[in-house]
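Residue numbers (our numbering): 4 to 218.
Note sheet for the following structure.
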């Protein structure tokens, strides 16, 4: 098992919307090797996470701030194939996140508090290179499927409440680049870049630092 904390800076860009996020998160990882040989093994893994985010939202020349929090889990299976100091890892996972967004006012419209449930599946692969006892790099990529790709948002316009539907992308392609340094047998620190690109022509780019402890 492992415990981690981290901080992240991210931006989301669409046709008429820009969001800059500052995020702090904490979580627990679980990893269990189920079997294998010296050339490969297969595993199960899980993660519980909690997130706090402060967002700067810009649209059509106006910007506002909004805060949100979320909690969720991810569970999956995969395999590791070993060749010298390199490891190839295909994996399959599912995840759920509950996102609670504070309301805000933009262009005289009042956007109410919102609670969003996100269910996703992931199919991906990664390549890890171990350069020495402490330093390793990981390059990964794949696709995520959003099983619920819309949510309703309450908006008050001229003292009247309207419910609008916002559509999210149902397919996301992602890439990950990670530089990891082992501080000891139990502690490690990572610098990570994540890029998510959806079929709705939006992009989410993030860079963050992660400190982890395994036992």
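Ideal Cβ placement from N, Cα and C applies to all residues, glycine included.
- Distances from the alpha-carbon of residue 45 to those of 36, 51, 52, 165 put 36 closest.
- Per DSSP, residue 130 is one residue of the beta strand (DSSP E) stretching across 117 to 133.
- Secondary structure at residue 50: strand, using DSSP grouped into helix, strand and coil.
- Of the candidates 92, 26, 201, 201 places its Cα closest to the Cα of residue 172.
- Around the beta carbon of residue 110, fewer than 16 other beta carbons lie within 10 angstroms, which makes this residue exposed.
- Taking one beta carbon from each stretch, the stretch 148 to 167 and the stretch 176 to 196 have fewer than 3 pairs nearer than 8 angstroms; the two do not touch.
- Of the candidates 59, 149, 102, 102 places its Cα closest to the Cα of residue 73.
- In its chain, beyond the 5 residues on either side, 92, 141, 143 have a beta carbon closer than 6 angstroms to the beta carbon of residue 129.
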